[in-house]
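Chains as they are written, first to last, in our numbering: chain P, -2 to 822; chain U, 355 to 803.
The C-beta atom is built at its ideal place from N, Cα and C for all residues, glycine as well.
Remember, predicted model here, so these are calculated numbers, not experimental data.
Shown next, in structure tokens, is the structure this report addresses.
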């Protein structure tokens, strides 16, 4: 109000007066009296900067873009308009402000000013009430859908193959805000649910398969076996006879699945004696199967080929009353599960002493089974107490499935609704199995399954409070396994003891094979290696680059990280390690001679060869010791080097940017809106190494600021070509892998570069923690997450930066365990 | 009708290999229009389709030197389209203002594609709160939803997900999505020709169809009832996500209703199901074009979008001798060699478009060809790939729009004429009157002659 009457030229003076006035009155400075002197104070230096550079247009009179900055005089005023000031930082950093036609402050001044504001934000973020942020409800992405179905319905195929790809936000495909549900996807969900349930439950199981073999073709085989003209195989009893004549006669089987089978033989016997003729039905099994015949039992049987059939089990010994083929009988025996039967045989039992030798005629052998052709998923899903009445059984089966599908206990309303659905289908004529199959299909289409819904356990709470135990179980399982919680997590949640046991559970979950999703999903997205699948190197320049090499590159990085996960190594190994995993094609690319890690181009006089190596096999990955070489850590892995290159050449800028963004968390600001065309000197562009051609970046001051941060990092890796092979020359020009960073540190070559990065480990660890926290939460990080990240980093530093300390740090952090209260935005 | 189907057999031979579907004797497509056959009393409907190429175009080799009727001598990139000179309009001077930064800094690729059909400034975000505007094809799809089996078709050759952020702080959604169902709902593209084919056509007579439909309806009824109270438990942004779910369910219910009233559409004679995504890019591009022809021919849908490569695509084109990445080349810095390669890539794409026009023109429909009853727009939201400017956009209009468009000319509009004015005019010719869309200022004059 007073402000408007003062002429523009007096603005600066006025602001100074207002500033002093406010400070003297101390009104709004409660508790903020101490402003750090390191880096200056905003009231002094910040306001001075504003006056010199901004307030002419953004002062009280007709502020441009409706933005007046003159009221900012201290920390509190900045914090009040946080969003505007974040924008101010952005436009200053990108060079948009002050506008190009205005006098520009020196770079150092700009940076100091920006830092002042950022420090104000920092201090505020690290104190005050915890804000755990808000995660928009997340639908299951493709991987999570696939894994959840595998664990819920016990069928493992790829139901989400047809789903449209998930959109990516903040680098990951599991961000709640970004995942949408277009109609096409809903269609696919319906079709997938039907597909899944038709595999999991088979209401009309097919008849068990049956395998007949006529006596004509039974083993032992020969050109002229003892077979009657109408196909009866003859077994004679003769201690000196050949296996061909005396049996046992048999045939091999390949049983597709474990279960109960039935083995039959149609036989009759001829004898001149009076005692009954007995035969034994035998099943050859796996070694160690239960009930194998012992020597005493075997001695009761005849047949020269008997011992060769071991190990076998005697299924049954039965009398053969029939004495002519018209009266032939079928002898049958049950084959219990667990035997892995691979051969069925008929042997004649030794006649009692004094009896003449009988002859046994076999018409056919038959193996039927598995008698229960219902899939194992069906057994598990429909398991219930058979003694209870049917409606009770239905209830038990449905309640269990719904509880696991919705990942929480179900209300009686919800349960009733599904039970009604089952009833309706049964009344319409469906069998019990078919009705349940239909009900389960419907459950799989419910938003309570497709989305991870987290109801507020304390809706009236004003401040931050813990999320519900079941929600916590889901967060943990989807973070570490990209799948639903298991029984142990569910039980702990039911008892309300999960939040007290997070660390122990995390350690248990990391040991589970499902934790590999941390590598397959988190790491591969973090390092942006998904692009590798569509990368096309120029086949003329890089003939070695084929699909197999690409797959090998990815596998190397995968196995490398699997070791870090399983052996709980320090995450600093990511920056530099003395091991990796290599197969034949990679060894040829890297120039590694043998599995001991000796390189082809190393001079035995300078580098002592490591003993014990053997040549690589193409399909086998071997852990290789890289000590003493330039390689080690992700920066020298072909996967990363390729994905940060162009199809025909390396790109030091892309590599530098990748290091800054993905490893150090200090991304370069975006390029200014109008990158001027490079003034070129026609000669410089077409001659010289890539490095020389890029000197333009340094010459032009508009470019130098950011490129001075990116290019040296890339140049340090120039010894690795666009697909990761080591080289000393780029075409005709020798490689110069040296660089100087903006802070003055210089290095020569990848090893020294990695040492410098290791020295920046605080940045790296912080960056990694932020990225994994983003992945775990399913939302981008905001300024109020800074404190949580600080704590995670501290925990890691105290635990040797182990991988598990990173994961437990995240799982126990405030944003992971808490949710906002009513009073928070 | 059956005679014209047989003659289409040769036309459809371009499709990929493999299993031929069991299909019925020439059973025509089953919308009321297509079944009755077009005639003066039952004229063929108008269709619209939008085709996008990334990273801009070499305007010097694109813009014809003179205005008015297209001369015999076409610029290099338009040469492959010479046989279709009389079916083309070259529109110069159109601008996508919302693709400019307006203070948002870098990100021209993301903005170019996001603003192309929407005329809306996309919100600069890496993941939270994605927002653009509704696109013209979805405006049409919403109005025409009850007329055809599928309201619209979104196709592409490169799937959505690429790693990391795709353009300077913009989520990858922006640089890979052309169609927006609403300001907050991007629609994914289908890149697998087999899946597209299966969506368009059914596999043959399905005796169990009625039962399957009944079961699906039962499932949908259940989920709607089960989730009735759900939204109340959730916060605002969560409710929006659930709304997407409910909208999708309702969409399917409507689709099922239509499926009950309209019998299934078998693929036209000679059509062979594609089995997978072709390894060669050119084959992939053409296969998708073939599918669009089929979709229009059988009147499965009247609205199509096709993104030939995502914005910012760095794909090399080794089969035409360009081994460097497209995006890298488009930052040509005025290097003549790079510009030549860009020109070659641009020409490759117009060549494929010419193939598509050829197919459309060879299908008789009504008293003309399919090309007479379509309105196709081909272009990019970037003009020069190096400058990343969004005025003077490369835009081609092809087809006769059921007689409502007079092609064969080069029309130069005053600079800064909004591209969205073209969309308004196209919607008008589909009998959809919309006051404004995005940054449109009115209809685009001159299209009808």
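Pair within 9 Å by beta-carbon distance, residue i and residue j
i, j, result
"residue 751/U", "residue 434/U", "no"
"residue 213/P", "residue 228/P", "yes"
"residue 707/P", "residue 750/P", "no"
"residue 434/P", "residue 124/P", "no"
"residue 613/P", "residue 769/P", "no"
"residue 502/U", "residue 490/U", "no"
"residue 150/P", "residue 437/P", "yes"
"residue 412/U", "residue 738/U", "yes"
"residue 262/P", "residue 363/P", "yes"
"residue 289/P", "residue 309/P", "yes"
"residue 718/P", "residue 729/P", "no"
"residue 344/U", "residue 664/U", "Residue 344/U lies beyond the residue range present for chain U, which begins at 355 and ends at 803; the question has no answer from this structure."
Chain-order list of residues whose beta-carbon lies under 7 Å from that of residue i (same chain, five-residue window excluded)
i, result
"residue 569/P", "755, 758 and 798"
"residue 448/U", "747, 749, 767, 771, 773 and 776"
"residue 104/P", "702"
"residue 545/U", "510, 511, 512, 513 and 631"
"residue 520/U", "464, 526, 529 and 666"
Test: residue i CB closer than 9 Å to a CB of chain P
i, result
"residue 452/U", "no"
"residue 602/U", "yes"
"residue 512/U", "yes"
"residue 377/U", "With a pLDDT of 22 at residue 377/U, under the threshold of 50, the modelled position of this residue cannot be trusted, and the question is left open."
"residue 775/U", "no"
"residue 762/U", "no"
Distance, residue j Cα to residue i Cα
i, j, result
"residue 543/U", "residue 605/P", "56 Å"
"residue 139/P", "residue 446/P", "14 Å"
"residue 551/P", "residue 522/P", "12 Å"
"residue 781/U", "residue 787/U", "7 Å"
"residue 629/U", "residue 639/U", "15 Å"
"residue 396/P", "residue 177/P", "29 Å"
"residue 384/P", "residue 190/P", "31 Å"
"residue 467/P", "residue 501/P", "17 Å"
"residue 407/P", "residue 498/P", "24 Å"
"residue 657/U", "residue 400/U", "9 Å"
"residue 818/P", "residue 659/P", "33 Å"
Local conformation of residue i per DSSP, three classes
i, result
"residue 544/U", "strand"
"residue 539/U", "strand"
"residue 264/P", "strand"
"residue 778/P", "coil"
"residue 257/P", "coil"
"residue 363/P", "strand"
"residue 781/U", "helix"
"residue 733/U", "strand"
"residue 311/P", "strand"
"residue 736/P", "strand"
"residue 489/U", "coil"
"residue 697/U", "helix"
"residue 774/U", "helix"
"residue 584/U", "coil"
Residue-level contact to chain U via CB, residue i, 9 Å cutoff
i, result
"residue 184/P", "yes"
"residue 87/P", "yes"
Cβ-based neighbour list, residue i, same chain, cut-off 8 Å, excluding 5 preceding and 5 following
i, result
"residue 275/P", "314, 315, 316, 317, 345 and 346"
"residue 802/U", "758, 759 and 760"
Close beta carbons around residue i, own chain, < 6 Å, minus the five adjacent residues each side
i, result
"residue 710/P", "653 and 656"
Item checked: Near-chain C residues of the region 48 to 64 of chain P (beta-carbon distance less than 9 Å), N- to C-terminal order -> Included in the structure are the protein chains P and U, with no chain C among them.
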